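Presented below is the structure to which this report refers.
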Amino acid sequence: MTDALHLPGLGPEPEPEPLDGTGRNSTTFAVEVVRSARRKRTVGAQLHAGVLKVTVPTWMSSAETEMWTEKMAASFRRKMSAERIDLAARATTLARRYQLARARDIRWADDMVSRWGSCTTTTGHIRISTRLAAFPDWVIDYVIVHELAHLEVAGHGPDFWQLANRYPKAERAIGYLIAKAGEDDTGTDSSRM
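What follows is the structure in structure tokens.
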């Protein structure tokens, strides 16, 4: 059985829109909800040909189904946005521009719940939460600069902030992250990058 479920922000058109002002393609897709007697406890989702097919157990209430469908759609939008952003090129440009250490490797991470980013100083590896992919570029750039600064200074002392604040929109980006953390039910602390 298939439910027709309309979710705000998810257009019916499966065709990608032209690039928006941020240089990213739209992440709009149609949503189809399928109730399955075979699915007992979990919710699944697959994106194919511009349609996100969300499969839920037959016993699930309409409210729960809508909540899970919105959650799955948000997750797929983040992943689609993340795929369009070349982190390595951005990190190299930012390191050069603000005279910071260069990352050996920088990647998106799906499993970051309580942090926006992380860095391993011994290896030079940086991970950026895919939740940031939907944020403005200047916020993503700040988190990258923040992690690049950690490649030189591990803690959050004055030497660290001197490096991180080379990014001219640092204060504004921190404010944005604090506001987003307040909207987020995961309890993400903007200071935990």
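Offset between the sequence shown (1-based) and my numbering: plus 38. By construction, the Cβ of each residue, glycine as well, lies at the ideal position given by its N, Cα and C atoms. Quick caveat, the model's predicted, so the values are computed rather than measured.
request  = Would you check if the distance between the CB atom of alanine 126 and the CB atom of isoleucine 144 is smaller than 8 Å?
outcome  = yes
request  = Determine the extent of the beta strand (DSSP E) in which histidine 163 is found, giving its start and end residues.
outcome  = 163-167
key: Rounded distance between the beta-carbons of valine 183 and leucine 132, thought under 8 Å   = 5 Å
task = Report yes or no: do the region 162-170 and the region 138-152 share at least 3 C-beta pairs separated by less than 8 Å?
result = Judged by Cβ distances under 8 Å, the region 162-170 makes contact with the region 138-152, as three or more pairs qualify.
task = Over the uninterrupted alpha helix (DSSP H) stretch that includes alanine 217, give me the two end residues.
result = From DSSP, the alpha helix (DSSP H) with alanine 217 extends over 208-221.
inquiry  = Strictly by DSSP, which residues pair up with threonine 158?
reply    = Looking at the DSSP output, threonine 158 bridges to His163.
ask   = Out of Ala87, Thr96 and Gly88, which has the shortest C-alpha to C-alpha gap to valine 81?
value = It is Thr96 whose Cα lies nearest to the Cα of valine 81.
ask   = How would you call glycine 155, buried or exposed, if buried means at least 16 neighbouring beta carbons within 10 angstroms?
value = buried
key: As assigned by DSSP and simplified to three states, the class of alanine 147   = strand
inquiry  = Quick check on threonine 80: does DSSP put it in helix, strand or coil?
reply    = Note: threonine 80 maps to coil in three-state DSSP.
query = Taking the alpha-carbon positions, what's the valine 72 to threonine 103 distance?
reply = Straight-line measurement puts the Cα of threonine 103 at about 10 Å from the Cα of valine 72.
key: Residue closest to glutamine 200, alpha-carbon to alpha-carbon, out of Ala211, Lys207, Ala187 and Arg210   = Ala187
task = Report the partner residues of glutamate 190 according to the DSSP bridge assignment.
result = DSSP output for glutamate 190 lists no bridge partner at all.
query = By Cβ distance, which residues of its chain are closer than 6 Å to arginine 140, with the 5 residues on each side in sequence left out?
reply = Ala133
request  = State the beta-bridge partners of alanine 91 as determined by DSSP.
outcome  = Sequence check: residue 91 is lysine here, not alanine. According to DSSP, lysine 91 bridges with Glu70 and Gln84.
inquiry  = Are the CB atoms of aspartate 179 and tyrosine 205 within a distance shorter than 8 Å?
reply    = Yes, the Cβ-Cβ distance between tyrosine 205 and aspartate 179 is below 8 Å.
Nonlocal neighbours in the same chain, by C-beta distance under 7 Å from lysine 78, ignoring five residues either side = Pro95
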